[in-house]
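Following: one structure in structure tokens, then a few remarks.
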Amino acid sequence: MTNRDQQRAPLLEKMRQFAERGTLPFSTPGHKLGAGADPELRALLGEAAFRHDIPLGGGIDDTHFHDGTLRAAEDLGAIAWGADRSFYLVNGSTAGNHAFLLAAIRPGEKVVVARDIHKSLLVALILSGAVPVYVAPRLHPTLNVGLGIDAADIAKTLDAHPDARLVVLVSPSYCGVASDLRAIGDVAHARDVAVFVDEAWGPHFHFHPALPPSAMASGADGAVASVHKVLGSLTQGSILHARSGRVDLSRLATAVGMAQTTSPSATILTSIDVCRRQMALHGEALLERTIELAGTARHQLQQIPGVGVLDAAQLGITGFDATKLVIDVDGLGLSGFAAEEALRYRFRIQPEMSDLVGVVCLVTIGDTTRSIDRLVQAFRTLASERTGDDNPSSPALRSSGVAIAPGRQALSPRDAFFAPSRAVPLTAATDQIAAELVIPYPPGIPVLAPGDIISAEKIDYLRHGARHGMYLSGPSDPTLATIRVVSSPSAATTP
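Numbering (this note's numbering), first residue to last: 6 to 500.
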């Protein structure tokens with residue numbers, strides 16, 4: 006295939022052909038092109054949403070054989086992002102994370118893992134039976150924001166664990182910080198260790214020179230990118246990329262089939278295909294405008310008293326996603342959670358996430374001058390109503406601070422997950438072994454993972470966050486009054 010082929014969208018073409026044939030369905034989905042759908046839902050979504058919600062098998066292709074139309078679309082994705090093989094995912098980057106670790110690692114093998122991993126990667130460790138060796142990202146000395154993984158720390162860890170089979174990173178982070186993937190790849194590959202990058206927040210990096218280099222351009226052996234997060238596909242759309250050599254592409258294809266649903270949405274797959282075409286043909290121009298809009302927003306927000314916005318210069322780094330607005334509101338006397346509520350309910354603006362000291366807003370190819378003006382004006386209004394900084398939060402309370410500290414591990418995540426467990430009061434859990442996930446969500450970074458020895462510092466962080474509205478995913482007790490701990494570490498065995 007050539008770059009000229011990027012003008013094609015094979016899945017879109019087949020979806021149109023299916024609609025034009027006027028096929029009478031005696032197959033899934035049961036709504037039969039909308040005829041059986043509830044009228045209220047049909048009125049809300051529109052007739053077209055149902056007419057194009059068709060089965061892949063018999064309609065366009067079959068995702069589990071990866072041939073025909075779908076394979077042609079995926080091959081165009083591989084060319085666009087510089088991979089040897091790409092897989093279109095309808096279960097989000099979660100499916101890609103699960104599939105890659107299942108393909109690359111066997112139970113009991115060691116994996117060097119950045120501690121600021123997403124929940125889905127931690128679940129992948131449980132599913133695969135891999136034994137993590139955690140590496141902490143560097144922290145900014147005053148802002149307590151993660152600055153990415155240092156290649157020297159990876160080299161040191163690999164030298165201490167020469168039997169490690171894989172390095173797993175998240176880059177960029179939720180705050181837009183990108184690690185030096187080229188340098189990390191060099192130290193890993195020199196030891197014949199593969200590198201996998203959860204690039205969920207960086208699918209746009211490959212298409213503009215002002216953004217950090219993409220994982221595949223940096224030599225990674227695999228990467229997963231959520232094209233739905235900051236590009237134009239439908240929610241859940243993602244792409245898993247791989248490079249041959251250290252990765253068995255046939256085994257990876259099998260693992261993708263295990264991790265994906267057996268009823269893939271042709272609509273989501275088609276949206277990935279068209280998103281790929283859009284970025285391959287027009288990505289740089291679209292992102293040029295996006296970066297300009299984000300720069301305007303950052304400049305105007307920084308002029309508002311009590312409001313701060315992270316940037317590369319402030320963090321002292323070069324790898325930073327300029328389209329991410331990480332907005333501190335601590336100086337307004339507000340928590341990030343309170344600011345998010347005000348934005349959502351008063352100003353009808355939905356941020357991506359909040360933590361104890363700020364909110365994160367995404368600027369994407371879908372933004373305009375008008376949307377940026379409205380966002381900035383909302384913060385101006387909040388600033389005009391400030392009552393003073395009576396109870397400022399410590400920077401240490403930012404979720405990327407305590408959350409990314411590896412701490413100590415007594416068991417592998419899989420062994421701890423399957424071990425006998427019991428509930429104890431959170432206040433009495435110090436030095437116990439966590440048996441469950443405790444994750445502020447978003448951003449989905451584990452504060453506690455199964456197998457972790459629970460520290461007093463993490464208990465204090467979680468209690469403070471819960472009091473201030475932090476949403477926690479994972480614990481069986483949603484109030485976090487209690488937490489499940491391993492009741493008998495000696496009985497922990499991997500099924």
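Beta carbons are placed, not taken as given, at the ideal position from N, Cα and C, and that holds for glycine.
- Per DSSP, residue 280 is one residue of the alpha helix (DSSP H) stretching across 271-307.
- The region 159-235 is shown to contain whole beta strand (DSSP E) runs of 3 or more residues at 171-175, 199-203, 227-230, in chain order.
- In this structure, DSSP gives residue 97 a helical state, which the three-state scheme calls helix.
- Rounded to the nearest angstrom, the gap between the Cα atoms of residue 274 and residue 149 is 39 angstroms.
- Here the alpha carbons of residue 216 and residue 288 stand approximately 12 angstroms from one another.
- Between residue 195 and residue 417, the alpha-carbon positions lie close to 27 angstroms from each other.
- Taking every protein chain shown into account, the CB of residue 52 has fewer than 16 other CB atoms within 10 angstroms, so this residue is exposed.
- Residue 181 places its beta carbon less than 8 angstroms from that of residue 331.
- Per DSSP, the continuous alpha helix (DSSP H) segment holding residue 77 begins and ends at 73-86.
- Between residue 284 and residue 14, the gap from beta carbon to beta carbon reaches 8 angstroms or more.
- Each of 346, 226, 413 was checked against the Cα of residue 106, and the nearest Cα belongs to 226.
- Less than 8 angstroms divides the Cβ of residue 369 from the Cβ of residue 235.
- In the DSSP annotation of this structure, the continuous segment of the beta strand (DSSP E) that includes residue 363 starts and ends at 363-367.
- Secondary-structure assignment with DSSP links residue 118 through a beta bridge to 139, 173.
- Between residue 122 and residue 58 a beta carbon distance of about 33 angstroms is seen, past the 8 angstroms cut, so the two are scored as non-contacting.
- Straight-line spacing of the CA atoms in residue 265 and residue 238 works out to 18 angstroms.
- DSSP places residue 377 inside the alpha helix (DSSP H), whose first and last residues are 374-389.
- Rounded to the nearest angstrom, the Cβ distance from residue 457 to residue 412 is 6 angstroms, consistent with a contact under 8 angstroms.
- Here residue 451 carries a coil assignment [DSSP, helix/strand/coil].
- Within a 10 Å sphere around the beta-carbon of residue 20 sit 16 or more other beta-carbons, which makes this residue buried.
- In the DSSP assignment, residue 410 falls outside any beta strand (DSSP E), carrying neither H nor E.
- Residue 308 has its alpha-carbon roughly 28 angstroms from the corresponding atom of residue 213.
- About 5 angstroms separates the beta carbon of residue 126 from that of residue 102, a gap short enough to meet the 8 angstroms contact definition.
- Taking C-alpha positions only, residue 329 is separated from residue 175 by approximately 16 angstroms.
- In the DSSP assignment, residue 445 forms a beta bridge with 477.
- Between the C-alpha atoms of residue 83 and residue 120 there is a straight-line separation of about 29 angstroms.
- By alpha-carbon distance to residue 242, the top candidate from 113, 493, 95 is 95.
- By the CB criterion at 8 angstroms, residue 223 and residue 190 fall inside the cutoff.
- For residue 246, the enclosing beta strand (DSSP E) has its first and last residue at 243-247.
- DSSP, reduced to helix, strand and coil, places residue 470 within a helical segment of the structure shown.
- Restricting attention to 299, 144, 205, 157, the CA atom closest to the CA of residue 185 is found in 157.
- Around residue 493, the same chain offers 425 as residues with beta carbons nearer than 6 angstroms, after the five sequence neighbours per side are excluded.
- Distance between residue 453 and residue 128, taken at the CA atoms: about 13 angstroms.
- Residue 141 sits close to residue 410, with the two beta carbons spaced by under 8 angstroms.
- Between residue 168 and the set 114, 133, 160, the nearest pair of CA atoms involves 114.
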